[in-house]
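Peer 1: If you scroll down you'll find the structure; I have some questions about it.
Number of protein chains: 2
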Amino acid sequence: MVVLQKNHDCSAELREVSLKATPIRIGVLSLLEETTSPIDIATILKELKKKKIVADPATVFRIMNSFVEKNLVREIHFREDKTRYELASKDDHHHLLCQECGAIEDISDCHIEGLEKEIITKKHFLIKSHSLEFFGICKNCQK
Amino acid sequence: MVVLQKNHDCSAELREVSLKATPIRIGVLSLLEETTSPIDIATILKELKKKKIVADPATVFRIMNSFVEKNLVREIHFREDKTRYELASKDDHHHLLCQECGAIEDISDCHIEGLEKEIITKKHFLIKSHSLEFFGICKNCQK
DNA sequence: TAATATATGCAAGTAACTTGCATTTATGGT
DNA sequence: ACCATAAATGCAAGTTACTTGCATATATTA
């Protein structure tokens, strides 16, 4: 009898980019799939522990670096001293960061294609990626 | 005879925000006025030394924090582990960061007002500030 | 010019991240 | 199913950016 494995997709996804499908990597990748807002390494370690996956911080740092290199995830830098990560497969979208409660909301369809074209033609700069983040006060915290 | 002091403006600017006009602060502020692209603390320290101003890193960190608090400068976070600073008096503008040579070019007139309005009405998020950075290859490095 | 609030330097501390090396493990070939 | 091997992991030590506490020094104000 064949048992459908949880995270089967993750393993396949990992092998596709020639990374070994280890428990920690599968755990990180499926965690990112479950998570809506970009998370940092400390949070990743905590969430893994909840799933009974214990990992060394250094290992997760290395994993995240390899994921970035393989374009599985992208780095997000808010005005913090730590890096956050989210799945690169998510559409081009950006974030609203509440400076009061720390909530992170997504926004999509940022219409900066016009600006990008302008940059390409005027500055002859080849754009590989961009980051657009908004800082302010969320709906809840305005009350 | 009255000798016109260099950096007289900087001193005034500092007192306006009730910060004492010390040599290091004046040095940092006038350095930022001379500099076109956002700079980090290590660079600030080097440049100050050229001007015969020796300062402790901790002091400059504290100075930068107070400048940010007083809205004299703003923080810029590229995909680095360090913070850069630029004068807040500079117009709303953004940066093109070359991933090859590290050159930083400014762009102005980013037309994201439309997007901002959309965020305010749809998400009821009160925008205080935003950051928009482009990463890619500059004109020179494309050759 | 003296009083005082504030700035600075120094040293120690913290947090995020990296690196070297010995051990373990996933995987491809048999 | 097993073995060989390249790659992944854990641990410890190191690095870098940044912070903090405290004693000393200095800019401002009266």
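As they're listed, the protein sequences go chains V and A.
When we follow the working numbering, the leftmost residue of the first sequence carries the number 1, and every step to the right adds one.
When we follow the working numbering, the leftmost residue of the second sequence carries the number 144, and every step to the right adds one.
Ideal placement from N, C-alpha and C gives every residue a C-beta, glycine not left out.
Can you say whether Cys241(A) is buried or exposed, counting buried as having 16 or more other CB atoms within 10 angstroms of its CB?
Peer 2: As a first step, residue 241(A) must be located in the second sequence, where it is residue number 98. Classification for Cys241(A): buried.
Peer 1: Could you check which residue in Ile187(A), Val160(A), Val197(A) and Lys260(A) has the C-alpha nearest to that of Leu215(A)?
Peer 2: Looking up residue 215(A) in the second sequence gives position 72. Distance check between Leu215(A) and each of Ile187(A), Val160(A), Val197(A) and Lys260(A) places Val160(A) closest, using alpha-carbon atoms only.
Peer 1: Taking Cβ-Cβ distances shorter than 8 Å, what residues in chain A pair up with Phe135(V)?
Peer 2: Here residue 135(V) is taken as the residue at index 135 of the first sequence, counted from 1. Ordered by position in chain A, the residues that pass the 8 Å Cβ test against Phe135(V) are Ile270, Lys271, Ser272, His273 and Ser274.
Peer 1: Taking only beta-carbon positions, decide if Lys139(V) is within less than 8 Å of chain A.
Peer 2: Counted from its first residue, the first sequence places residue 139(V) at position 139. By this cut-off, Lys139(V) is an interface position.
Peer 1: In chain order, what residues of the region 108-123 of chain V put their CB closer than 9 Å to some CB of chain A?
Peer 2: Within the region 108-123 of chain V, the residues whose Cβ lies closer than 9 Å to some Cβ of chain A are Asp109, Cys110, His111, Ile112, Gly114, Leu115, Glu116, Glu118, Ile119, Lys122 and Lys123, listed in chain order.
Peer 1: So what does Ile112(V) bridge to, in DSSP terms?
Peer 2: Position 112 of the first sequence, counted from the first residue, corresponds to residue 112(V). In DSSP, Ile112(V) forms no bridge with anything.
Peer 1: Can you tell me where the beta strand (DSSP E) with Ser180(A) in it begins and where it stops?
Peer 2: Working through the second sequence from its first residue, we reach residue 180(A) at position 37. No beta strand (DSSP E) contains Ser180(A), which DSSP labels as neither H nor E.
Peer 1: Please confirm if His93(V) has its CB atom under 8 Å from at least one CB of chain A.
Peer 2: Counted from its first residue, the first sequence places residue 93(V) at position 93. Chain A places no beta carbon closer than 8 Å to that of His93(V), leaving this residue out of the contacts.
Peer 1: May I have the straight-line CA-CA distance separating Glu33(V) from Ile26(V), to the nearest angstrom?
Peer 2: Here residue 33(V) is taken as the residue at index 33 of the first sequence, counted from 1. Here residue 26(V) is taken as the residue at index 26 of the first sequence, counted from 1. Cα-Cα distance, rounded: 11 Å.
Peer 1: Checking 8 Å against the spacing of the C-beta atoms, do Ile250(A) and Leu239(A) come in under that value?
Peer 2: By one-based count along the second sequence, residue 250(A) stands at place 107. By one-based count along the second sequence, residue 239(A) stands at place 96. Yes, these two residues count as a Cβ contact at 8 Å.
Peer 1: Compare the C-beta of Glu248(A) with all C-beta atoms of chain V and state if any pair is closer than 8 Å.
Peer 2: In the second sequence, counting from the first residue as 1, residue 248(A) sits at position 105. Chain V places a beta carbon closer than 8 Å to that of Glu248(A), counting this residue as a contact.
Peer 1: Where do the N-terminal and C-terminal ends of the beta strand (DSSP E) with Ile53(V) fall, by residue?
Peer 2: For the purposes of this step, residue 53(V) is taken as residue 53 along the first sequence, with counting starting at 1. No beta strand (DSSP E) contains Ile53(V), which DSSP labels as neither H nor E.
Peer 1: Could you name the residues of the region 68-81 of chain V whose beta carbon sits closer than 9 Å to any beta carbon of chain A, in the order they occur along the chain?
Peer 2: So the close ones are Glu75, His77, Phe78, Arg79, Glu80 and Asp81.
Peer 1: Return the CA-CA distance between Arg222(A) and Lys82(V), expressed in angstroms with no decimal places.
Peer 2: On the second sequence, position 79 is the one that residue 222(A) refers to. On the first sequence, position 82 is the one that residue 82(V) refers to. C-alpha separation (whole angstroms): 11 Å.
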